[in-house]
Amino acid sequence: SQKIEQNSEALNIQEGKTATLTCNYTNYSPAYLQWYRQDPGRGPVFLLLIRENEKEKRKERLKVTFDTTLKQSLFHITASQPADSATYLCALDGGGNKLVFGAGTILRVKS
Amino acid sequence: DARVTQTPRHKVTEMGQEVTMRCQPILGHNTVFWYRQTMMQGLELLAYFRNRAPLDDSGMPKDRFSAEMPDATLATLKIQPSEPRDSAVYFCASGNLVGEQYFGPGTRLTVT
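Read top to bottom, the protein sequences are chains A and B.
In terms of this note's numbering, the first sequence has 18 at position 18, counting the first letter as 1, and numbering is strictly consecutive.
In terms of this note's numbering, the second sequence has 1010 at position 10, counting the first letter as 1, and numbering is strictly consecutive.
In structure tokens:
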């Protein structure tokens, strides 16, 4: 069956460092992959979409890679700030514009 | 600033009561999704619509849940009768043509 795995443990990093979050998947061939941010008590917020024919995509301090051979996406936040602390969700194309979400990784950036 | 709105934001009800949640998607988006989020299960897709037509409701308990989209500005999710295990946060999201989804603030449902 289809499976998405994100770091189950929280990622704690120091302000200014680069945070790297991982999303692995099995039994999937998604046409695209998305990353969302979720703050406590709020709905997920769309960050980036990357397609299967794209290796890398950037938006300001964010960078996403998509390796369809390894079945993995990496999400990087450079020069991290305490305001980046949140849960980050990976979501894969489930066909017909549906998304299948991972459980999310909690990121804590300490000043 | 276009955004998805949901009402109510919080709902506490007794087991057996009917619950109706409403969503106004972003104008121009062609897909609307209903999700449920719990600590144990994460974010689960319940149902979704494209151009107001229901496409998939396989994630929903059919005997008690129903989802409708009576017009382009309103989607509803109804639970009748509600049970304590339905307690969760319910999100509505609208999607654009490239597949990006924009979520509402959610309805936190507590069934006692």
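Think of the CB as a built atom: it goes at the ideal place given N, C-alpha and C, for glycine as much as any other residue.
*Do you know whose CA, among A:S8, A:E9, A:Q38, lies nearest A:A86's CA?*
The shortest C-alpha separation from A:A86 is found at A:Q38.
**Prompt:** Buried or exposed: which applies to A:R58, given that a residue is buried once 16 or more other Cβ atoms fall within 10 Å of its Cβ?
**Reply:** exposed
Integer Cβ distance of A:G43 from B:F1091, believed to fall under 8 Å = 5 Å
Taking the alpha-carbon of B:G1016 as reference, which of B:T1112, B:A1002, B:P1081, B:D1056 has the nearest alpha-carbon?
B:P1081
Checklist line | Of the residues B:G1099, B:P1105, B:R1108, B:T1038, the one placed nearest A:L49, counting alpha carbons only | finding: Of B:G1099, B:P1105, B:R1108, B:T1038, the residue nearest in Cα terms is B:G1099.
Report the residue from B:H1010, B:A1067, B:L1055 whose alpha carbon sits nearest the alpha carbon of A:G96.
-> B:L1055
Reduced DSSP category for A:P82 - H, G, I as helix; E, B as strand; rest coil
The DSSP-derived three-state label of A:P82 is helix.
| task | Using 10 angstroms around the beta-carbon of B:A1177, count the other beta-carbons present and answer buried if the total reaches 16, otherwise exposed. | result | The structure shown does not extend to residue 1177 of chain B, since chain B is modelled only from 1001 through 1112, so no value can be given for it.
- Message: Just to confirm the assignment, what range does the beta strand (DSSP E) spanning B:M1050 have?
- Response: Note that residue 1050 of chain B is Arg in the sequence shown, not Met. Taken as a continuous stretch (DSSP letters only), the beta strand (DSSP E) holding B:R1050 covers 1042 to 1050.
Handout entry: Range of the contiguous beta strand (DSSP E) that encloses B:I1026
Key = Run containing B:I1026: none; DSSP gives neither H nor E here.
- Query: Could you give the C-beta distance for B:V1004 and B:S1066, rounded to a whole number, given that I count them as a contact under 8 Å?
  - Reply: Not quite, the Cβ-Cβ distance comes to about 20 Å (not below 8 Å), so this is no contact.
Just to make sure I have the definition right: I need the residues of chain B whose C-beta is within less than 7 Å of the C-beta of A:L99. Which are they? Neighbours of A:L99 on chain B, chain order: Q1101.
- Query: At which residues does the beta strand (DSSP E) containing B:M1069 begin and terminate?
  - Reply: 1065 to 1071
Note to self: For A:L62 and A:K98, what's the separation of their Cα atoms in angstroms?
What the structure shows: 24 Å
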